[in-house]
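What follows is a set of notes on a single structure, which appears directly below.
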Amino acid sequence: MSIVTIERKVLEKNDAVAAENRARFAARRLFVVNIVSSPGAGKTSLLERTLETLKGRLRVAVIEGDVQTDLDAQRVARYGVPVVQIVTNGACHLEARLVQDALDRIDLDDLDVLVIENVGNLVCPANYDLGEAMKIVVLSTTEGDDKPLKYPAMFRNASVLVINKMDLVPYVPCDIAAIRRHALQINPNLIIFETSCTTLAGIRSWCDWLSSQAAHVHA
Amino acid sequence: MHELGVAEGVLDIVRAHVPPGRARDVRAVRVRIGDWSGVLADSLEFCFGAIVAGTPFASAALDLERVPALGRCSTCGHEFELDRPGAGCPMCLSALVSMSGGRELQVVSVELDEPEADR
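Same order as they appear, the protein sequences are chains A and B.
Going left to right, the first sequence walks through residues 33 to 251 as the working numbering numbers them.
Going left to right, the second sequence walks through residues 973 to 1091 as the working numbering numbers them.
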């Protein structure tokens, strides 16, 4: 009997490709965010409102990740920004390699912000680094205020929490203070925004923050 | 939810480290798996068994080394097992706790029988 010592991270391949992506972004001073949420929280709607608001202010491109269809890419393309759809064909998360392939179809030299919209899933995307500067987790008020405690890895790995569908608060049993308390319990450094893609409440301050981050990276 | 991909990652690493011609001698693959790695032990074992079936690694089994989730208090430095997400420090009751263990997902080693020719 003999033992061969290995000591290698299982996801090291993904991490290595993510590091290549990150170096590519850094060389172009490009601010890259990875938007994650459960299905239907409003990632694409938030992106649409963001693209409307930032039109003429920032050059944005989008990578859309979905299990099937290019419906999201069609929605985003209406705003006149470059968009690439990744169809994972069943896989529950984006991996760094898929993003790397998509990068070949975008002119990165002509950009301020790249938004990667991950597959709707609060579990797996937490474990896969894509090379982004930060993860943005979107949680909608219809999902309930216990989600940060139920899916802690995602809230721990994210830098920003966007609480979306604020317009529905009067109609659903959701305690915003509890979302904030639970999320900050998991990750005391989270930056939190409250938005509605219907009334546009909070969209301005979210977009201002995004612009300031992009300017900071671009400087 | 993505244990099949993780099992493939484990097998790739094993392939890269087992000496040429020794695949059939691999008995156990030791994998360190944190309680909060997001990977289910049973599911990973099932997926690994499924992908090695019919390959030279068919007699390899996973030997999982569980790592409990550990928190370290940012206020007093106390380290403790995190039995639930968001738990505060049991010593000083501070809520500022960072994770110091439990997210591991690593191939530690492989165990090989002696080469068939030497038996």
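Yeah, the Cβ is synthetic: ideal placement off N, Cα and C, and Gly gets one too.
Rounded C-alpha distance that separates residue i from residue j
i                  : j                  : result
Gly1004 of chain B : Leu1036 of chain B : The amino acid occupying residue 1004 of chain B in the given sequence is Arg; Gly does not appear at that position. Straight-line Cα distance between these residues: approximately 6 Å.
Lys75 of chain A   : Arg994 of chain B  : 49 Å
Lys167 of chain A  : Asp161 of chain A  : 9 Å
Arg61 of chain A   : Cys1064 of chain B : 42 Å
Leu1034 of chain B : Thr85 of chain A   : 52 Å
Pro157 of chain A  : Ile67 of chain A   : 10 Å
Gly176 of chain A  : Ala1025 of chain B : 43 Å
Ala109 of chain A  : Val115 of chain A  : 6 Å
Ser243 of chain A  : Pro1028 of chain B : 54 Å
Cys1045 of chain B : Glu1051 of chain B : 6 Å
Ile148 of chain A  : Val36 of chain A   : 39 Å
Ser1070 of chain B : Glu164 of chain A  : 22 Å
Ala1000 of chain B : Pro1087 of chain B : 15 Å
Arg1072 of chain B : Ala73 of chain A   : The displayed chain sequence assigns Ser, not Arg, to residue 1072 of chain B. Their Cα atoms are separated by approximately 31 Å.
Asn258 of chain A  : Asp1085 of chain B : Only positions 33 to 251 of chain A appear in the structure, and residue 258 of chain A is not among them; the question remains open.
Gln106 of chain A  : Glu96 of chain A   : 10 Å
Ser237 of chain A  : Leu126 of chain A  : 28 Å
Arg188 of chain A  : Phe57 of chain A   : 23 Å
Ala50 of chain A   : Ala59 of chain A   : 14 Å
Gly1049 of chain B : Asp47 of chain A   : 29 Å
Ala1022 of chain B : Leu976 of chain B  : 9 Å
Gly122 of chain A  : Val65 of chain A   : 23 Å
Leu103 of chain A  : Lys45 of chain A   : 30 Å
Asp1055 of chain B : Gly1043 of chain B : 9 Å
Glu1053 of chain B : Asn196 of chain A  : 33 Å
Glu980 of chain B  : Asn159 of chain A  : 16 Å
Phe1018 of chain B : Cys124 of chain A  : 19 Å
Glu255 of chain A  : Val92 of chain A   : The shown model of chain A, from 33 to 251, leaves out residue 255 of chain A, and the question about it has no answer.
Val204 of chain A  : Phe1020 of chain B : 43 Å
CB of residue i within 8 Å of CB of residue j, strictly
i                  : j                  : result
Val151 of chain A  : Leu78 of chain A   : no
Val271 of chain A  : Leu90 of chain A   : Only positions 33 to 251 of chain A appear in the structure, and residue 271 of chain A is not among them; the question remains open.
Leu43 of chain A   : Leu1077 of chain B : yes
Leu83 of chain A   : Tyr111 of chain A  : yes
Val1039 of chain B : Gly1074 of chain B : yes
Phe63 of chain A   : Ala246 of chain A  : yes
Val113 of chain A  : Val99 of chain A   : no
Val1082 of chain B : Arg40 of chain A   : no
His989 of chain B  : Ile38 of chain A   : yes
Arg54 of chain A   : Ile235 of chain A  : no
Asn153 of chain A  : Ser70 of chain A   : yes
Ala192 of chain A  : Leu222 of chain A  : Reading the sequence as shown, one finds Val at residue 192 of chain A and not Ala. Cβ atoms of Val192 of chain A and Leu222 of chain A: closer than 8 Å.
Met198 of chain A  : Ala233 of chain A  : yes
Rounded distance between the beta-carbons of residue j and residue i, thought under 8 Å
i                  : j                  : result
Val201 of chain A  : Thr173 of chain A  : 5 Å
Thr1047 of chain B : Leu1068 of chain B : 6 Å
Ile118 of chain A  : Ala134 of chain A  : 6 Å
Asp240 of chain A  : His214 of chain A  : Between His214 of chain A and Asp240 of chain A the Cβ distance is about 26 Å, and since that is not below 8 Å, they are no contact.
Ala1032 of chain B : Val998 of chain B  : 4 Å
Asp1014 of chain B : Ala1041 of chain B : About 18 Å; that fails the 8 Å criterion.
Residues, ordered as in the chain, of the stretch 137-167 of chain A that lie near chain B by beta-carbon distance below 9 Å: Asn153, Val155, Cys156, Ala158, Asn159, Tyr160
Three or more C-beta pairs below 8 Å linking the stretch 1054-1067 of chain B and the stretch 975-986 of chain B: Three or more Cβ pairs closer than 8 Å define a contact, and the stretch 1054-1067 of chain B falls short of that threshold against the stretch 975-986 of chain B.
Segment contact, 8 Å Cβ cut-off, at least three pairs: the stretch 223-231 of chain A with the stretch 194-213 of chain A: yes
Chain-ordered residues of the stretch 38-55 of chain A with a beta carbon less than 7 Å from chain B: Ile38, Glu39, Arg40, Lys41, Val42, Leu43, Lys45
Residues of the stretch 108-130 of chain A with Cβ closer than 9 Å to any Cβ of chain B, in chain order: Listed in chain order, the positions of the stretch 108-130 of chain A with a beta carbon within less than 9 Å of a beta carbon of chain B are Ala123, Cys124, His125, Glu127.
Proximal residues, the stretch 1023-1056 of chain B versus chain A, C-beta separation under 9 Å: Interface annotation for the stretch 1023-1056 of chain B against chain A: Ser1046, Arg1056, criterion Cβ-Cβ distance under 9 Å.
Residues in the stretch 167-186 of chain A having any Cβ partner in chain B nearer than 7 Å: Flagged, chain order: Leu181, Pro184, Ala185.
Three or more C-beta pairs below 8 Å linking the stretch 135-142 of chain A and the stretch 178-190 of chain A: no
Residues of the stretch 191-222 of chain A whose Cβ lies closer than 7 Å to any Cβ of chain B, in chain order: Residues passing the 7 Å Cβ filter: His214, Gln217, Ile218, Pro220.
Near-chain A residues of the stretch 992-1023 of chain B - C-beta to any C-beta below 7 Å: Trp1008, Gly1010
Within 7 Å of chain B by C-beta, residues of the stretch 80-102 of chain A in sequence order: none
Contacting positions in the stretch 55-72 of chain A - beta carbon closer than 9 Å to chain B: none
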